[in-house]
Every structure is written in structure tokens, then in C-alpha cells.
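Residue numbers (full-length UniProt numbering): 1 to 419. See structure below.
Set out below in C-alpha cells:
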């Protein structure tokens, strides 16, 4: 057997230098924007690539006919441990869905949609506000102003958050019971994980595929502005450390799971960026808690700040206020200006979000269990903002193995049919 010879010294040094450069480019934001490789819209189940309408292979891979949802999809990211986001809990320890037990219609839909797209959920029963005694209402809460329905919503979310602490979970995703997502959620989350790692830094072998230094990962919301646009941050000098931190953005370009510019909704001006752009960014103050993940550290902070210590308003506003206090005090050396620093919460958002409230066909009054809508009108077709290949709207197609339908003609495209 011939012996293996050591490579020439200049080759070894060159290899080390190249590795260092690659790590720097991938994990160090050189400006407020960090660009991802091109994201091409994946093909449908067992379909052939249709490059004429950009429904080609995923990130240029040769797997044009690969099924990109369900338990069969295992990811193609590097480093490979990011692919853990494709497991049956989407890279978290558990997935909790909060909903009233009597809304069996919503439970049926979530059970079917999550199963078809390849993950499993645990239910946390929602709470009616009028069942909560005054003694259990947190300090600072005026239940007359908060409304009983908002109080019940808060308690349902807190029960899910408390389970993270009680069960000592590394992390959990919490969503509301009327959520929808794109059929291609798992490939989307691969990019989100890359973004979270880039924004906050990551060890070479993190416990979570999303990195280990985040508290809140806000995946579903009604909209938010970027933190540097908040009133309290507009006057900060360009060299302010806190401002530089909050300006970080991980940019996913050419992401055809983002609706066209005239259809995408939110609070930022999407027309300032190319069409089909998604941002992973430092959280400002999102509206709505459609879907969010908490690390163990984050769950402890939220349980303290929104229950044990006080509660100042509806759950979603209070959670946003925690992140807002944290980001706006980042880098401040003035204790009075920094306040409690929002418990130094590290919050990351995805805009446009990858989860959104689905408006199901049927009674319009059935949309919300918080707001009472006296409307007997019937919605003939369900829809979801900001989601291209709506999983809820494609249940039949996933069951039958037929073409996925887009909610937007421009991106549409339907994928090629399955064989």
C-alpha cells in the first residue's frame, strides 16, 4: 500500500486562508444587508421543473422532481445541521397550538394541514377570560379595559409558555389555531435559520438549528416596521452601536414564496426592495402573535415580564413591547434611558412572515374568537394574505397528488402535475 503524502505547505496555508474567508463571508454581516444565494421556487410533488415560470429546482439543485413538503423532505442546507428544521417539530423541541377546545373545525384543519406538510403539533387549550379570577390577573392589569376575550387569549398563550419552562424544553414554536403557511414551509425555514445565525452569531455546533442566542423568533405577524424607524431610534447617530445592531438584515432575494409587490401586505415599504424579497431582521414591535418561537431563556423572560411581574395590555402588544424595550435600549450607557432594557431580550422577525391568519370558507363570524363579529355572511372561498402556495387551500392537491395552486397569478404558476 502506498503511503499518503502531506500536501505542500503553501497548499495547506492557502486552504486555511480560504476557509477563514468563507466563514467571514457567510457569518459576518459586512453591511446592514446580508444576501443569501438565489432562492428559486421549488417544484411540486413529483413534478418536472418548469424553468419558463421559475418553478425550477431548489437553489439550483438537480432535484427538480423532489417533493418539498411532508416527511420525505430533509433539506439541502450547509452547514448540514440546519436541515434539522425539516424534522417533525420544525427544528424546535415541540410545536404548541393554542385554541379553544370547542373549535373542533380549527383543530381538524390544523391537524390535517400540519400532517400533510410534515410536522406534528401538541394542543394547548385556550381560555375564556371570564373563567380567570381577579386574584390570578397580573399586577397592572385593568380587566375592564383589556376585555375578557383578550385576557383569555393572554392566559392561553401563557399556559403554552409555562409548559416550555416546566418541561425544560430547549425551544418551542407556538401558533394560533387559524394559521396557514406555504406548502414549502420547510425550505423557507432553512433560510430563516441561516438568517438567525448570521444576525446573532452562532457556535459551530449549536443546540438549535436556528442558533443558540435568540429569545424570540417571530415567524407570523400582521406586520411591523424595522427597528431603526421607531420614533425613539430615529435620532441616533450613525455610529451608535445600538443603531448598527438594529439595522442588521438578512436578505433572501428571488424568493418566489413571497407574493408580488402589489399583493404583499405589511407595514414596511416593500417597493423599496426588488420583488420577491424577504427579510430576517432584528425585531421592532410586531402586531399580532400568529406564530412565534421561544427558547428556554426567552420563555423564562416572557413568563416573568408578562405574568409574574406585570401585564399592561393585550398579549401581542405586551410581547412586542418587551422586544421594543430591548432593541431600543441596545448599546445605551444611560441607566435612566435604558430602563429595564427589556430584559435584554434578543428578538428576530421574518418579514413578510411565513405564517399568517387564514380566512376559512364558511361563516365570516367564525374567523376570530377574540373579536365578536355579528356577521351572518358566508365566505365562499378561503384565503390567506402573504402566502403563495397556501397549505390550507392546497389540502385537496396534497391528498390527491395534483398540481399546487398559487393564490397569485403572477407567481403562479401552477407547478407541473405529478405523475
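Ideal placement from N, C-alpha and C gives every residue a C-beta, glycine not left out. Since we're looking at a predicted model, the values are computed, not measured.
Counting only beta-carbon separations shorter than 7 angstroms, does residue i have a partner in chain D?
i, result
"residue 226", "Absent here is chain D; the protein component of the structure consists of one chain."
When you compare only the Cα positions, how much space is there between residue i and residue j?
i, j, result
"residue 341", "residue 360", "40 angstroms"
"residue 336", "residue 329", "10 angstroms"
"residue 133", "residue 69", "44 angstroms"
"residue 393", "residue 334", "51 angstroms"
"residue 404", "residue 254", "20 angstroms"
"residue 176", "residue 162", "16 angstroms"
"residue 194", "residue 71", "21 angstroms"
"residue 362", "residue 147", "26 angstroms"
Could you tell me whether the Cβ atoms of residue i and residue j are closer together than 7 angstroms?
i, j, result
"residue 196", "residue 348", "yes"
"residue 259", "residue 137", "no"
"residue 86", "residue 75", "yes"
"residue 241", "residue 301", "no"
"residue 127", "residue 152", "yes"
"residue 93", "residue 169", "yes"
"residue 249", "residue 281", "yes"
"residue 129", "residue 312", "no"
"residue 303", "residue 165", "yes"
"residue 112", "residue 398", "no"
"residue 294", "residue 305", "no"
"residue 381", "residue 364", "no"
"residue 286", "residue 326", "no"
Under a three-way DSSP split, which group does residue i fall into?
i, result
"residue 220", "strand"
"residue 163", "helix"
"residue 398", "helix"
"residue 210", "coil"
"residue 364", "helix"
"residue 111", "helix"
"residue 97", "strand"
"residue 347", "strand"
"residue 264", "coil"
Can you list, in chain order, the residues of its chain whose CB lies under 6 angstroms from that of residue i, leaving out five sequence neighbours each side?
i, result
"residue 121", "95, 97 and 114"
"residue 84", "91 and 209"
"residue 236", "243"
"residue 263", "408"
"residue 230", "284"
"residue 379", "361 and 364"
Note down, in chain order, each residue of its chain lying with its Cβ closer than 7 angstroms to the Cβ of residue i, except the 5 sequence neighbours on either side.
i, result
"residue 267", "223, 224 and 225"
"residue 356", "180, 220, 290, 384, 385, 386 and 387"
"residue 228", "243, 246 and 247"
"residue 425", "As shown, the chain starts at 1 and ends at 419. That puts residue 425 outside it, with no answer to give."
"residue 203", "212"
Can you list, in chain order, the residues of its chain with a C-beta nearer than 8 angstroms to that of residue i? Leave out the 5 residues immediately preceding and following it.
i, result
"residue 182", "188, 257, 354, 387, 388, 389, 390 and 391"
"residue 200", "211, 213, 214, 346 and 348"
Any heavy atom of the ligand ATP closer than 6 angstroms to the Cβ of residue i?
i, result
"residue 179", "With respect to the ligand ATP, the structure offers nothing, as it holds no ligand at all."
Task: Touch test, the segment 201-221 against the segment 274-290, Cβ-Cβ under 8 angstroms, three pairs minimum - done: Counting C-beta pairs closer than 8 angstroms gives three or more between the segment 201-221 and the segment 274-290, which meets the contact rule.
Task: Cβ contact check for the segment 145-162 and the segment 267-279: 3 or more pairs under 8 angstroms - done: The segment 145-162, when compared against the segment 267-279, does not touch it at the 8 angstroms Cβ threshold.
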